[in-house]
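Read in order, the letters of the sequence shown are residues 0 to 203 in my numbering.
For each residue, glycine too, the CB sits at the ideal point set by N, CA and C.
Quick notes on the structure that follows.
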Amino acid sequence: MNDENREQSKIARTIKTRNDVFEGTSYKKQNNVLRMVLFYSSCAIVLVLASYGGLYLEKGYLHDGVLQNNAEKMESGINFAKMNRSILGQMPGILDEVKKDPNDMYSASMNVVDNSPKLEITTDNLVDILIKAGLVKKTAAGLEFADVEWKTQNWAYSHVAVVITSKENPEIYLTLNIAKDGSLLVWRVIGAIMSEALRDKVLA
């Protein structure tokens, strides 16, 4: 008798277990789909932050570094060595062909004198150059950006170009090349391309 009761109890438990699994299948499937959605959404958010989150810091460094004339923030947002190399190549006369006298037996050992203008931007003169360019102005409250338009171009995973154009004179514009510099999370200005009108105004 006891054996029969045990068999019936075992069968009842088996049926109940199978029914519970069957009845809960749709719930479990919904739960798994929700988990997958949350997981991939989290991955996407982390990827976006890792890829472009540093741009928000970069904008803060540039904005505050210039308006507060803060050297530490400027250096956090700008790689001055790389930027100055990009500026050097824009100086008028830098690419002029050097002509030597073919009849001079010492022409191969001549010292070439480069008379092209030099422009080296540092934390000490950056604000003054931007004021001279008309992109920043002094007010009673301190420094502030002039009436300029900021436009993003060439957006990519590792670099972005930002064009700053004077609304007063559209021929004066500056293109900042911002890229990941030494880290996947760190964005810095690595190049600056001046329009001809801007370059002439700065060098005047």
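{"query": "Limits of the unbroken alpha helix (DSSP H) element including Glu74", "result": "Ala70 to Gly76"}
{"query": "Asp199 - DSSP class collapsed to helix/strand/coil", "result": "helix"}
{"query": "Three CB pairs or more closer than 8 Å across the segment 125-140 and the segment 87-105", "result": "no"}
{"query": "Cα-Cα separation, Asp63 to Asn83", "result": "21 Å"}
{"query": "Contact between the segment 193-203 and the segment 69-85 (3+ Cβ pairs under 8 Å)", "result": "no"}
{"query": "Chain C within 7 Å of Glu71, Cβ atoms only", "result": "Protein chain content of the structure displayed is limited to a single chain, and chain C is not contained in it."}
{"query": "Cβ pair Glu148, Lys137 closer than 7 Å", "result": "no"}
{"query": "Neighbour-count burial assignment, Glu206, 16 or more Cβ in a 10 Å radius", "result": "Nothing about residue 206 can be reported from this structure: the residues present for the chain run from 0 to 203 only."}
{"query": "Distance, Leu142 Cα to Asp123 Cα", "result": "15 Å"}
{"query": "Counted within 10 angstroms of its Cβ, other Cβ atoms place Ser194 as buried (16 or more) or exposed", "result": "buried"}
{"query": "Contacts around Leu61, its chain only, beta-carbon distance under 6 Å, and the 5 residues preceding and following it disregarded", "result": "Gly76"}
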